[in-house]
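Taking it in order: structure first as structure tokens, then the write-up.
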Amino acid sequence: MSDPKYLQIAAHVAQAIECGSLLAGQRVPSVRALAQQFAVSHNTALEAFRWLEDAQLIQARPRSGFFVCRSHKGAVALEPPTSGPQRLSDPQNVSLDWYAQRVLGSKGLEGVITFGTSAPDEALLDQVRLRQAVARVMAAAPLTLGSYPSHGGLRELRQVLARYAMGLGCRLDPDSIVLTHGCLEGVVSCLQAVTRPGDIVAIESPAHFSVLGLLQNLGLRALEIPTHVQTGISLDALQLALDSHPIKAVLVVPTIQNPLSACMPVAHRKRLAELASAHEVPVIEDAIYYDWSPHDAHRRSIQSFDQTGHVMLCHAFTKTLAPGLRVGWLHAGRWGQQVLDAREASLGTPATMLQLALLHLLGQNGHAAQMRRLRQQMAQRLREARGLIARHFPKGTRLSDPPGGLILWLQLPDAVDGPQFEQACEAQRLLAPPGRFFSLTGRFENCYRIALGNWSDAHRQALVRMGRLAGQCLLRGS
0 MSDPKYLQIA AHVAQAIECG SLLAGQRVPS VRALAQQFAV SHNTALEAFR
50 WLEDAQLIQA RPRSGFFVCR SHKGAVALEP PTSGPQRLSD PQNVSLDWYA
100 QRVLGSKGLE GVITFGTSAP DEALLDQVRL RQAVARVMAA APLTLGSYPS
150 HGGLRELRQV LARYAMGLGC RLDPDSIVLT HGCLEGVVSC LQAVTRPGDI
200 VAIESPAHFS VLGLLQNLGL RALEIPTHVQ TGISLDALQL ALDSHPIKAV
250 LVVPTIQNPL SACMPVAHRK RLAELASAHE VPVIEDAIYY DWSPHDAHRR
300 SIQSFDQTGH VMLCHAFTKT LAPGLRVGWL HAGRWGQQVL DAREASLGTP
350 ATMLQLALLH LLGQNGHAAQ MRRLRQQMAQ RLREARGLIA RHFPKGTRLS
400 DPPGGLILWL QLPDAVDGPQ FEQACEAQRL LAPPGRFFSL TGRFENCYRI
450 ALGNWSDAHR QALVRMGRLA GQCLLRGS
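What follows is the structure in structure tokens.
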């Protein structure tokens with residue numbers, strides 16, 4: 000498959016710089032000129048210029064255009080990280096003592112700059128709209144605060160969610176939608192419905208540590224499936240796992256997978272639904288990040304391809320509207336009654352006030368525009384962070400290039416002493432979760448998740464310092 004057009008344009012300009020056809024300080028042909036030369040849209044040509052900026056090959060000058068950087072030596076090539084071994088490991092019991100000690104213990108420490116937060120901060124979320132929604136609900140229905148929510152939740156909200164699901168390619172009966180206290184609680188309910196303690200669950204590798212934590216809490220064993228940094232879980236490896244292990248459920252995040260930010264192609268989503276049906280195994284689809292990608296194909300649900308009810312869909316708006324708005328939903332496919340039974344002893348339905356607030360927010364005409372603004376702001380953070388890493392980390396550093404979201408997966412060269420680098424970062428009160436936190440098998444050495452949920456001048460300076468520390472930790476003779 001050929002590279003995308005914007006990468007072809009970027010490679011053309013980069014080659015001209017490397018061979019000396021374009022010299023340091025010289026003006027680069029305009030966006031319009033390159034768009035005409037390559038017969039592409041203005042936006043495609045502009046994306047090529049953004050890539051070149053990230054690689055520190057060109058820089059913009061106000062009202063003058065783009066110019067070759069005075070010096071681009073030392074900038075890393077920003078190749079994608081390697082995907083690690085494709086062999087299957089054995090199912091693992093989950094024990095996360097280090098999770099509380101190392102990750103939770105670092106939160107809130109004074110003076111620590113952390114790249115561990117993937118949820119958008121207040122600078123990205125429209126807090127005014129949320130406060131207005133809650134205020135209007137309280138003014139219109141003040142008694143909701145002191146009343147129990149109705150069984151099953153507000154039908155009006157479930158109708159709106161069914162319409163939202165149409166954008167994912169799904170046609171759902173509102174009465175089949177179950178309201179939850181967030182996406183993760185929905186995942187837990189699905190797992191409780193289809194597994195028992197000791198069962199094997201296939202998960203992506205690397206996987207977010209919240210996934211590992213909930214498997215531990217439920218007494219389940221994890222079978223890690225190799226996952227590509229761009230295209231997501233390896234379906235060939237999953238097929239092998241399904242053929243060789245008694246897997247009771249498959250848990251996947253198809254869009255902006257955390258921590259890789261991988262996005263499964265549509266063809267892979269269709270094949271996964273077919274695998275679920277053929278093996279009669281439930282696939283639990285975590286759709287929490289679907290609104291983070293600007294591409295419609297990345298919002299096509301696996302469940303939209305499901306013909307037999309083997310895909311369970313979980314979603315929430317905590318990553319796009321407000322983390323404190325703990326209202327999610329799920330559609331359990333053929334396991335609807337089992338999920339309801341599993342939730343009998345749970346927290347039940349979210350508070351009516353929160354349901355009404357979400358209903359108000361989703362019903363506003365400005366919601367789609369707010370999502371576009373959110374994605375644009377996220378893209379700006381990604382471009383900034385990638386540019387800083389390209390400029391200041393040692394040659395050979397690899398970095399993901401996600402289509403959206405707030406998460407980068409960074410792989411340092413083998414020549415960098417990982418433990419020494421982590422100790423040096425800790426000494427300067429800098430924290431980025433290492434790759435081994437996202438696996439039970441000791442993989443992903445010299446990998447780090449860079450989450451940009453918080454972004455400030457302090458975080459920009461921290462990335463520069465981390466890059467310099469990585470350079471200082473190169474092994475002798477490298």
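Numbering (numbering that gives the first Met the number 0), first residue to last: 0 to 477.
Here a beta-carbon is modelled for each residue, glycine too, at the ideal position from N, C-alpha and C.
Values in this document were obtained by computation on a predicted structure and should not be read as measured data.
For the candidate residues the options, whose alpha-carbon lies nearest to that of residue i?
i	options	result
SER63	VAL39, LEU45, SER29 and LEU87	SER29
GLY115	ALA132, LEU439, GLY434 and VAL12	GLY434
ARG325	ASP295, ARG380 and ALA356	ALA356
ALA248	VAL127, GLU284 and GLY404	GLU284
THR317	CYS472, ASN92 and HIS180	HIS180
ALA431	ARG154, THR43 and GLY452	GLY452
GLN336	CYS189, GLU52 and HIS227	CYS189
LEU183	ALA378, VAL228, VAL252 and HIS11	VAL252
ASN42	GLU52, LEU21, VAL186 and TYR5	TYR5
ASP456	HIS11, VAL27 and ALA384	ALA384
GLU52	ASP89, ALA13 and ARG135	ALA13
CYS458	ASP416, CYS446 and LEU381	It should be pointed out that residue 458 corresponds to His in this sequence rather than to Cys. Measuring from the Cα of HIS458, the nearest candidate turns out to be LEU381.
THR230	VAL210, PRO264 and GLY185	PRO264
ILE224	ALA132, GLY166 and SER243	SER243
ARG397	MET137, PHE37 and TYR447	TYR447
ALA296	LEU21, ASN445 and ALA266	ALA266
VAL27	VAL39, ARG60, PRO3 and GLN7	ARG60
GLN471	VAL187, VAL228, GLN460 and ASP416	ASP416
Mind checking whether residue i and residue j have CB atoms under 8 Å apart?
i	j	result
LEU339	VAL463	no
LEU213	ILE246	no
SER117	LEU259	no
ILE176	HIS359	no
LEU439	ALA236	no
PHE304	ALA261	no
TRP328	HIS314	yes
ARG195	ASN92	no
LEU124	ALA378	no
PRO349	MET311	no
ARG390	ILE112	no
ARG270	LEU239	no
THR319	MET370	yes
PHE443	PRO205	yes
GLY404	ILE255	yes
PHE392	ALA450	no
Could you round the C-beta distance between residue i and residue j to whole angstroms and report it? I think they count as a contact, below 8 Å.
i	j	result
ARG268	ILE301	5 Å
ILE202	LEU250	5 Å
PRO173	ALA161	5 Å
GLY395	PRO412	3 Å
HIS294	PRO401	Contact doesn't hold; Cβ gap of about 11 Å is too wide.
LEU478	ALA414	Only positions 0 to 477 of the chain appear in the structure, and residue 478 is not among them; the question remains open.
PHE66	GLN58	6 Å
ALA15	TRP50	At roughly 15 Å, the Cβ-Cβ gap does not stay under 8 Å, so ALA15 and TRP50 are not in contact.
PHE420	PHE208	The pair is not a contact, with the Cβ atoms about 20 Å apart (cut-off 8 Å).
GLY168	ARG299	5 Å
Exercise for the section: Would you be able to state if there are at least three C-beta pairs under 8 Å between the segment 355–373 and the segment 403–411? Expected result: Contact check between the segment 403–411 and the segment 355–373: fewer than three CB pairs, one atom from each, fall below 8 Å, which does not count as touching.
Exercise for the section: Determine, using beta-carbon pairs with one atom in the segment 412–427 and one in the segment 269–281, whether at least three such pairs fall under 8 Å. Expected result: No: the two stretches stay apart, fewer than three of their Cβ pairs being nearer than 8 Å.
Problem - alpha helix (DSSP H) segments (min. 4 residues) lying fully within the segment 186–221 - result: Here the runs fully enclosed are 208–216.
Problem - Secondary structure, beta strand (DSSP E): runs of 3+ residues fully inside the segment 420–453 - result: With a minimum length of 3 residues, the continuous beta strand (DSSP E) runs that stay inside the segment 420–453 are 446–450.
Exercise for the section: Let me know the alpha helix (DSSP H) ranges lying completely inside the segment 18–68, each 4 residues or longer, listed in chain order. Expected result: For the segment 18–68, the full-length alpha helix (DSSP H) segments reaching 4 residues or more read 30–37 and 41–53 along the chain.
Practice task
With a floor of 4 residues, list each alpha helix (DSSP H) that falls wholly inside the segment 340–373, ordered by position along the chain.
Solution key: Whole alpha helix (DSSP H) segments, 4+ residues: 351–362.
Practice task
For the segment 226–305, list the alpha helix (DSSP H) runs that are entirely contained and at least 4 residues long, ordered along the chain.
Solution key: Restricted to the segment 226–305, the alpha helix (DSSP H) segments that are unbroken, complete and at least 4 residues in length are 234–243 and 265–278, listed in chain order.
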